[in-house]
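First to last, the protein sequences are chains P and G. Taking our numbering, the leading residue of the first sequence gets 2, the next gets one more, and so forth. Taking our numbering, the leading residue of the second sequence gets 2, the next gets one more, and so forth.
2 protein chains.
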Amino acid sequence: MNSICELFKIKYPVIQAGMIWNSGWRLASAASNAGGLGLLGAGSMYPEVLRTHIQKCKATTSMPFGVNVPLLYPDIDKIISIIIEEGVKIVFTSAGNPATWTKILKDQNITVVHVVSNLKFALKAQEAGVDAIVGEGFEAGGHNGREETTTLCLIPLLREKIAVPIIAAGGIGSGAAMLAAMSLGAQGVQVGSRFAASIESSAHDNFKQAIIHAKDGDTQLMLKKLAPVRLLKNKFYEEVKAAEAACANEEELKKLLGHARAKHGMFEGDMEAGELEIGQISATIHSIKSVQEIMDEIIGEYEMLVKKGFESFR
Amino acid sequence: MNSICELFKIKYPVIQAGMIWNSGWRLASAASNAGGLGLLGAGSMYPEVLRTHIQKCKATTSMPFGVNVPLLYPDIDKIISIIIEEGVKIVFTSAGNPATWTKILKDQNITVVHVVSNLKFALKAQEAGVDAIVGEGFEAGGHNGREETTTLCLIPLLREKIAVPIIAAGGIGSGAAMLAAMSLGAQGVQVGSRFAASIESSAHDNFKQAIIHAKDGDTQLMLKKLAPVRLLKNKFYEEVKAAEAACANEEELKKLLGHARAKHGMFEGDMEAGELEIGQISATIHSIKSVQEIMDEIIGEYEMLVKKGFESFR
Chain P
2 MNSICELFKI KYPVIQAGMI WNSGWRLASA ASNAGGLGLL GAGSMYPEVL
52 RTHIQKCKAT TSMPFGVNVP LLYPDIDKII SIIIEEGVKI VFTSAGNPAT
102 WTKILKDQNI TVVHVVSNLK FALKAQEAGV DAIVGEGFEA GGHNGREETT
152 TLCLIPLLRE KIAVPIIAAG GIGSGAAMLA AMSLGAQGVQ VGSRFAASIE
202 SSAHDNFKQA IIHAKDGDTQ LMLKKLAPVR LLKNKFYEEV KAAEAACANE
252 EELKKLLGHA RAKHGMFEGD MEAGELEIGQ ISATIHSIKS VQEIMDEIIG
302 EYEMLVKKGF ESFR
Chain G
2 MNSICELFKI KYPVIQAGMI WNSGWRLASA ASNAGGLGLL GAGSMYPEVL
52 RTHIQKCKAT TSMPFGVNVP LLYPDIDKII SIIIEEGVKI VFTSAGNPAT
102 WTKILKDQNI TVVHVVSNLK FALKAQEAGV DAIVGEGFEA GGHNGREETT
152 TLCLIPLLRE KIAVPIIAAG GIGSGAAMLA AMSLGAQGVQ VGSRFAASIE
202 SSAHDNFKQA IIHAKDGDTQ LMLKKLAPVR LLKNKFYEEV KAAEAACANE
252 EELKKLLGHA RAKHGMFEGD MEAGELEIGQ ISATIHSIKS VQEIMDEIIG
302 EYEMLVKKGF ESFR
């Protein structure tokens, strides 16, 4: 049996990425009900808001679901307490040191997965005792690694040295890409952009429309002097680009970024001044569908390719 | 039958990338003799040097081989004349407009393939009448597209709109990656870095050693104000990085780059001052092998995975 399905007790090894401003209880419970693993994105929730989303998720699905927690979150202690109090069984950690929290979570019988973009942090996470690792490539939306290693190069690199199951993330929005990731040695996939553009995503419809109209080259990794983040090109992106071309320093970029731009863009729908985080694969997303339809398409294409098989040359 | 094997009359749909300073007649004829398609890299050859390499290639293999021609090459007319005079049957064009040369080559019954990094140029190349398209992703070594689209995202994007066969390039150095590319809809793969580190590569041994010792994050796409190029990190890279951090303009970067740095590094073995072009996949290349061994490994792994098949979830 597939190790990711076994680990999470799910039907399909497809994780819906926990994304800020996109993945509330509607998206997470829909992904879990469709046979994958839904994740709440705690990164854009105050602790008590997260508690409400966990409770609604429990009320709307009987299937396993989890929470994605950026470890650099200021209220991290409260977030972890709520996760434990509410009996969440799966936590994906990202953006921080897994050594601090993995043991605390595992002592509560919580399955822990850490998201990495390079081998060094994958080894650290494995040492910290995580149950699986998400390897996220350069093409992914939102925050991203400094090495800029793509999914196609990252997964084989992790596979060489990592013993725990690997979940591939970045550039995966179809059954064909799922099979590609499995070919490279991943046991599961994490899908972000495709679910950000789903009916159940909590993103503003303006953002969903922007995703399905994105073309080739419409995203770029920016703000590398702060924390690299893949942005959809808009007025704010142009301002960042101009500032970076003029050699703006960290302080100036922080000032330009300001406060709450991601919420303003993705959640409130300001397509000009908002910070819009999405992956390169958005260029091949052409319509907003339900989570069930998206899951059916991904699994349907994967199964079709697996059944068809590949030509032998010997 | 596989359309790339049919097009080139080869056994395996594996193209050895035509790379400057790495792919002379020894590498190209070895790749063709091993059942793939060998390509001479004309980009680092004076016209009469190319003629010699074509003649030696003809003398050392009876199998099909081709020439990679950067269309921006100053001596492009002479290069094309020599290719026609010497009866070369396959030409891969890159770095320039395929409209100018495709018809001239096709009128001589030459099979023409164009290398692209985005959909726009793929459509132009198809319109110009090319027989196949190489889609090269961000992770590839050397010169690279401004969109920074990775192979995992580029191939599905091309597959949607392009009718001619697609060859995936960038991040492919194993049978697993070959199968991943085929899953995405490519009919063949182009392998660069892996063959740059082969015994038959014309690169200096210092460069081959540098490739097999490269780690995660040891390459980066630089010189974006000139033409983006993926470099192995060394002293020259540090100089470029410092200049770019100090907001150097195009003129200053050109001056810093100077003349013949690629030759100086890859061919003459200066690992400090040389320009070293290699792909991200170098992090998973650990030894210098013969072309035959590399081909056996790639095809062997591909066949093993195809035979083993993939788990069904329905």
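The beta carbon of each residue, even a glycine, is placed where N, CA and C say it ideally should be.
Member of the options whose CA lies at the smallest distance from the CA of residue i
i, options, result
"S356 of chain G", "G:A243, G:E87, G:I156, G:I286", "Only positions 2 to 315 of chain G appear in the structure, and residue 356 of chain G is not among them; the question remains open."
"S24 of chain G", "G:M267, G:D271, G:E294, G:L124", "G:M267"
"D297 of chain G", "G:F9, G:R262, G:A31", "G:A31"
"A228 of chain G", "G:F237, G:D206, G:E251, G:E239", "G:E251"
"S291 of chain G", "G:K57, G:I11, G:E149, G:Q17", "G:Q17"
"P48 of chain G", "G:C58, G:D78, G:W26", "G:D78"
"A178 of chain G", "G:E87, G:N207, G:G301", "G:G301"
"I21 of chain G", "G:P71, G:K10, G:M272", "G:P71"
"Y13 of chain G", "G:G36, G:E87, G:A244", "G:G36"
"V114 of chain G", "G:Y303, G:G218, G:H205, G:I134", "G:I134"
"Q293 of chain P", "P:S4, P:G19, P:N3, P:N34", "P:N34"
"A204 of chain G", "G:L254, G:K255, G:Q191, G:H265", "G:H265"
"A244 of chain G", "P:C248, P:K242, P:Q221", "P:C248"
"K121 of chain G", "P:K121, P:P65, P:D219", "P:D219"
"A211 of chain P", "P:H287, P:S4, P:R52", "P:H287"
Residue-level contact to chain P via CB, residue i, 8 Å cutoff
i, result
"V241 of chain G", "no"
"F196 of chain G", "no"
"Y238 of chain G", "no"
"D217 of chain G", "yes"
"M20 of chain G", "no"
"A181 of chain G", "yes"
"A96 of chain G", "no"
"L120 of chain G", "yes"
"K12 of chain G", "yes"
Any C-beta of chain G under 8 Å from that of residue i
i, result
"E253 of chain P", "no"
"M223 of chain P", "no"
"T62 of chain P", "no"
"S184 of chain P", "yes"
"P157 of chain P", "yes"
"T285 of chain P", "yes"
"Q17 of chain P", "no"
"V162 of chain P", "Looking at the sequence provided, one finds Lys at residue 162 of chain P rather than Val. No, because no Cβ of chain G sits closer than 8 Å to the Cβ of K162 of chain P."
"F9 of chain P", "no"
Pair within 8 Å by beta-carbon distance, residue i and residue j
i, j, result
"M223 of chain P", "L232 of chain P", "yes"
"V68 of chain P", "V50 of chain P", "no"
"E161 of chain P", "T285 of chain G", "yes"
"A96 of chain G", "H54 of chain G", "no"
"K90 of chain P", "G130 of chain P", "no"
"S199 of chain G", "G280 of chain G", "no"
"I168 of chain G", "G186 of chain G", "no"
"S184 of chain G", "L180 of chain P", "yes"
"T112 of chain G", "D132 of chain G", "yes"
"Y74 of chain P", "G42 of chain P", "no"
"E240 of chain P", "L257 of chain P", "yes"
"R315 of chain G", "E87 of chain P", "no"
"V15 of chain P", "I213 of chain P", "no"
"E273 of chain G", "V230 of chain G", "no"
"A123 of chain P", "I163 of chain P", "yes"
Coil, strand or helix - residue i by DSSP
i, result
"H144 of chain G", "strand"
"L185 of chain P", "coil"
"V131 of chain P", "coil"
"K290 of chain P", "strand"
"M296 of chain G", "helix"
"A177 of chain P", "helix"
"E201 of chain P", "coil"
"L227 of chain P", "coil"
"G37 of chain G", "coil"
"G19 of chain G", "coil"
"I92 of chain P", "Position check: residue 92 of chain P holds Val in this sequence, whereas Ile was assumed. Note: V92 of chain P maps to strand in three-state DSSP."
"V190 of chain G", "strand"
"P1 of chain P", "Nothing in the structure corresponds to residue 1 of chain P, since chain P is present only between 2 and 315."
"G42 of chain G", "strand"
Distance between beta carbons of residue j and residue i, contact taken as under 8 Å
i, j, result
"A170 of chain G", "E137 of chain G", "4 Å"
"I85 of chain G", "Q109 of chain G", "5 Å"
"G310 of chain G", "V307 of chain P", "7 Å"
"T150 of chain P", "E140 of chain P", "That belief does not hold up - the Cβ atoms of T150 of chain P and E140 of chain P are roughly 10 Å apart, past 8 Å."
"P166 of chain P", "L8 of chain P", "6 Å"
"L38 of chain G", "I11 of chain G", "5 Å"
"I173 of chain P", "I295 of chain P", "Actually they are not in contact, since the Cβ atoms of I173 of chain P and I295 of chain P sit about 12 Å apart, beyond 8 Å."
"C58 of chain P", "W26 of chain P", "4 Å"
"D217 of chain P", "L158 of chain G", "6 Å"
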